[in-house]
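Taking the working numbering, the leading residue of the sequence shown gets 322, the next gets one more, and so forth. Glycine included, C-beta positions come from ideal geometry on N, C-alpha and C. Computed from a predicted model, the values in this text were never measured in an experiment. Written out below as structure tokens is the structure these notes cover.
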Amino acid sequence: MLPVDPTKLPQSTTYTAIKGAPLDPGPVVATDGTVVHPRREIVVYNAPGGAPIARLDPQQIGDTWLPAITQQPGWVEVLLPSRPNSSAGWVTDTALDRAVTPYLIRVHLRSLNMELFKGGQRLGDWTVGTGKEVHPTPPGRTFLLGSFSDSAQRYSPVILPLGTHSTTLDSFGGGPGTVAIHTWPTANVFGTRSSDGCIRVPSDALHQLIQVPLGTLVLIDEN
């Protein structure tokens with residue numbers, strides 16, 4: 322491959338959209354838990370040895386950890402944090418740290434239910450709130466992108482943004498319409514479709530979810 326100057330490529334973040342990114346080939350499939358972290362700025366390609374489409378930095382909302390969804394010699398396909406939803410991309414494995422997360426989060430939109438698994442064993446099962454009909458929570462395979470506290474709001478002590486976005490809102494609350502997991506000060510939202518796309522969880526669920534490593538898969542289905 323010819324050398325590529327990453328500074329000439331758009332950055333893949335929750336704030337950006339990447340043209341030409343391939344779509345996730347298995348949007349309902351769990352992985353083996355492998356997650357990767359770029360040690361430096363790296364280039365994202367549309368295929369192994371293909372065209373460069375973006376760059377990834379080591380940090381976004383904290384350290385950048387992305388789920389590996391496909392691997393072949395010298396290459397790893399990862400889910401991207403940018404729009405459009407279900408975007409993926411290929412990176413070379415020369416500047417990656419690897420880890421394995423035993424956790425998996427499943428969200429069931431029809432039944433308004435969330436499950437947390439560790440090593441295949443279910444740790445928790447909660448009734449949650451999801452997006453209202455006009456601003457639905459998007460289904461698909463995504464991941465825990467970050468974890469942060471925001472003193473400007475009072476509804477959740479910690480917010481967990483995901484690598485997916487609202488399909489009806491380009492922005493929300495000053496942000497780019499990123500879907501997140503967070504709690505809520507009143508319990509009447511659980512078991513309802515009342516948010517603008519985010520997933521509202523009880524406090525005990527959030528307490529467990531903040532222990533889950535970044536990059537962990539979140540499978541959102543229509544069940």
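Item to check | Reference isoleucine 531, options Arg419, Leu425 and Pro379, closest by Cα | outcome: Translated into positions along the sequence shown, residue 531 becomes position 210. Nearest in C-alpha terms to isoleucine 531, of all of Arg419, Leu425 and Pro379, is Leu425.
Checklist entry - What is the DSSP secondary structure of glutamine 381, counted as helix, strand or coil? => result Position 60 of the sequence shown, counted from the start, is the residue given in the question as residue 381. Assigned with DSSP and collapsed to three states, glutamine 381 falls in strand.
Checklist entry - Whole-angstrom Cβ separation of valine 364 and valine 325, contact assumed at under 8 Å? => result Locating residue 364 in the sequence shown gives position 43, counting from the first residue. Locating residue 325 in the sequence shown gives position 4, counting from the first residue. Valine 364 to valine 325, Cβ: 5 Å. Contact.
Item to check | Candidates Gly410, Thr448 and Pro402, of which the one nearest proline 369 by Cα | outcome: Against the sequence shown, residue 369 aligns to sequence position 48. Of the listed residues, the one whose Cα sits closest to proline 369 is Gly410.
Item to check | As assigned by DSSP and simplified to three states, the class of serine 524 | outcome: Along the sequence shown, read from residue 1 onward, the residue named residue 524 stands at position 203. Looking at serine 524 - three-state DSSP - the assignment turns out to be helix.
Checklist entry - Under the rule that 16 or more other beta-carbon atoms within 10 Å means buried, what is methionine 322, buried or exposed? => result Within the sequence shown, residue 322 is the residue found at index 1, counting from 1. Methionine 322 is exposed by the Cβ-count criterion.
Next on the checklist: The beta strand (DSSP E) that contains threonine 463, what's its start and end?
Outcome noted: Residue mapping note: residue 463 aligns to position 142 of the sequence shown, counting from 1. Its beta strand (DSSP E) spans residues 461-464.
Checklist entry - How about glutamate 543 and arginine 431: do their beta carbons lie closer than 8 Å? => result Numbered from 1 along the sequence shown, position 222 holds the residue referred to as residue 543. Numbered from 1 along the sequence shown, position 110 holds the residue referred to as residue 431. Yes, they are a contact pair.
Item to check | Within 8 Å, strictly: CB atoms of valine 539 and glycine 450 | outcome: Numbered from its first residue, the sequence shown carries residue 539 at position 218. Numbered from its first residue, the sequence shown carries residue 450 at position 129. Contact flag unset, no.
Checklist entry - Starting from lysine 453 and walking both ways along the beta strand (DSSP E), at which residues does that stretch end? => result For the purposes of this step, residue 453 is identified with residue 132 of the sequence shown, where counting begins at 1. Per DSSP, lysine 453 belongs to no beta strand (DSSP E) and is neither H nor E.
Checklist entry - In whole angstroms, what is the alpha-carbon distance linking valine 349 and phenylalanine 438? => result Mapped onto the sequence shown, residue 349 falls at position 28. Mapped onto the sequence shown, residue 438 falls at position 117. Valine 349 and phenylalanine 438: Cα-Cα distance of roughly 16 Å.
Checklist entry - Tell me, which residues are paired with alanine 338 by DSSP? => result Counting from one through the sequence shown, the residue named residue 338 turns up at place 17. The partner list for alanine 338 (beta bridge, DSSP) reads Arg404.
Item to check | Range of the contiguous beta strand (DSSP E) that encloses glycine 347 | outcome: To locate residue 347, count along the sequence shown from 1; it is residue 26. Note, glycine 347: premise wrong, no beta strand (DSSP E); not H, not E.
Checklist entry - What are the residues that DSSP puts in a beta bridge with threonine 499? => result Sequence index remark: in the sequence shown, residue 499 carries index 178 (1-based). DSSP, once it has assigned bridges, lists His486 as partnering threonine 499.
Item to check | Reference asparagine 434; option with closest CA among Trp505, Thr335 and Arg521 | outcome: Here residue 434 refers to the residue found at position 113 when the sequence shown is read from its first residue. It is Arg521.
Item to check | Under the three-state DSSP convention, the category aspartate 446 falls into | outcome: Translated into positions along the sequence shown, residue 446 becomes position 125. Looking at aspartate 446 - three-state DSSP - the assignment turns out to be strand.
Next on the checklist: To the nearest angstrom, how far is the alpha carbon of aspartate 414 from that of valine 399?
Outcome noted: For this step, residue 414 is matched to residue 93 along the sequence shown. For this step, residue 399 is matched to residue 78 along the sequence shown. In this structure, the straight-line span from the alpha carbon of aspartate 414 to that of valine 399 is close to 11 Å.
Checklist entry - Below 8 Å between beta carbons: does that hold for glycine 452 and leucine 466? => result Counting from one through the sequence shown, the residue named residue 452 turns up at place 131. Counting from one through the sequence shown, the residue named residue 466 turns up at place 145. No.
Next on the checklist: Rounding to the nearest angstrom, what Cα-Cα distance links alanine 342 and isoleucine 382 in this structure?
Outcome noted: Residue mapping note: residue 342 aligns to position 21 of the sequence shown, counting from 1. Residue mapping note: residue 382 aligns to position 61 of the sequence shown, counting from 1. When rounded, the distance between both Cα atoms is 21 Å.
Checklist entry - Roughly how many angstroms lie between the CA atoms of threonine 488 and asparagine 406, to the nearest whole one? => result In the sequence shown, counting from the first residue as 1, residue 488 sits at position 167. In the sequence shown, counting from the first residue as 1, residue 406 sits at position 85. Roughly 8 Å separates the two Cα atoms.
Checklist entry - In whole angstroms, what separates the C-alpha of glycine 440 from that of alanine 501? => result Against the sequence shown, residue 440 aligns to sequence position 119. Against the sequence shown, residue 501 aligns to sequence position 180. Going by the C-alpha atoms only, they are around 24 Å apart.
Checklist entry - With 16 as the cutoff for other CB atoms within 10 Å, does leucine 535 come out buried or exposed? => result One-based indexing of the sequence shown puts residue 535 at position 214. Under this definition leucine 535 is a buried residue.
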